[in-house]
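Okay, structure first, notes after.
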């Protein structure tokens with residue numbers, strides 16, 4: 004039973020469209036993260052948040068933005084999708100030490 | 335810069351054999367390490383972790399070994415099963431409790 008939820012699981016969208024990837028957790032954790040992962044490759048941190056109204060950019064430059072208005076919700080937005088944004092996006096949360104990951108959103112921009 | 339990397343990108347074993355997946359890290363500030371398993375189409379799942387004040391930790395069919403002298407981490411899976419087929423990632427915390435750095439994955443394939 005998942006405590007962290009990502010929607011949609013799969014998304015195919017045209018170039019130039021604005022999209023928002025949803026991530027919600029029911030564990031009450033303050034810390035949440037977005038990682039980008041190409042198939043079979045390592046995870047790259049693109050955004051993180053240590054609490055409400057706190058957001059930081061990660062190690063990998065990304066054209067996406069995030070918001071943290073509520074503890075349980077950490078959406079990621081792409082204002083204008085491009086084919087280079089095609090990837091898997093993983094959301095994670097922690098209360099310290101290990102992360103719990105969502106199932107991911109596989110995004111394809113055509 | 336600091337990095338975490340795996341020695342072998344792929345590993346193929348026979349069902350019932352033991353598997354060993356290796357990981358090298360370079361951030362001497364790291365004091366916490368985790369192994370994750372990622373099956374196709376899913377997010378990474380926690381397998382086992384170890385703190386730097388330990389050199390070995392055992393779980394169910396899995397053992398993690400930490401050698402701080404050479405900055406090396408390994409995951410041993412006993413009696414490997416087809417369900418163990420997945421990509422395995424090591425991660426280290428760089429001295430921070432809240433940010434993990436992941437290495438390149440190792441694809442483990444278990445042949446029946």
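Residue numbers (my numbering), protein chains in the order written: chain A, 4 to 113; chain B, 335 to 446.
Glycine included, C-beta positions come from ideal geometry on N, C-alpha and C.
What you are looking at is a predicted structure, and each value in this text was computed from that prediction instead of being measured.
query	result
Between A:39, A:45, A:97, A:31, which lies nearest to residue 3 of chain A when the distance is taken from Cα to Cα?	With chain A covering only 4 through 113, there is no way to say anything about residue 3 of chain A.
With DSSP collapsed to three states, give me the class of residue 353 of chain B.	strand
Which residues in chain A have a C-beta closer than 7 Å to the C-beta of residue 378 of chain B? List them in chain order.	104
Tell me whether residue 362 of chain B sits in a helix, a strand or coil according to DSSP, three-state version.	coil
If the cut is a Cβ gap below 9 Å, which residues of chain A does residue 383 of chain B touch?	100, 101
Rounded to the nearest angstrom, how far is the Cβ of residue 346 of chain B from that of residue 443 of chain B, given a contact under 8 Å?	5 Å
Restricting to Cα atoms, I'd like to know which of B:395, B:441, B:438 is closest to residue 414 of chain B.	B:395
Residues of chain B with a CB under 7 Å from the CB of residue 43 of chain A: which are they?	421, 439, 441
Taking only the alpha-carbon atoms, compute the straight-line gap between residue 77 of chain A and residue 425 of chain B and give it to the nearest angstrom.	23 Å
Less than 9 Å between the beta carbons of residue 22 of chain A and residue 84 of chain A, yes or no?	yes
Run down chain B in chain order and give the residues with a C-beta less than 8 Å from the C-beta of residue 53 of chain A.	432
Roughly how many whole angstroms lie between the Cα atoms of residue 20 of chain A and residue 29 of chain A?	30 Å
Please tell me whether residue 88 of chain A and residue 66 of chain A are closer than 9 Å, where the distance is taken between their beta carbons.	yes
Measuring straight from C-alpha to C-alpha, what distance separates residue 41 of chain A and residue 389 of chain B?	32 Å
So that I know if they touch, is there some Cβ in chain A lying closer than 9 Å to that of residue 397 of chain B?	no
Have a look at B:416, B:364, B:423 and flag the residue whose alpha-carbon is nearest the alpha-carbon of residue 440 of chain B.	B:423
Excluding the five sequence neighbours on either side, which residues of its own chain have a C-beta within less than 7 Å of the C-beta of residue 419 of chain B, listed in chain order?	442, 443, 444
By a C-beta neighbour count over all protein chains shown, 10 Å radius and 16 as the cutoff for buried, is residue 400 of chain B buried or exposed?	buried
With a cut-off of 9 Å, does the C-beta of residue 6 of chain A fall near any C-beta of chain B?	no
Could you tell me which uninterrupted beta strand (DSSP E) segments, each at least 3 residues in length, are contained entirely in the segment 67-96 of chain A, listed from first to last along the chain?	79-81
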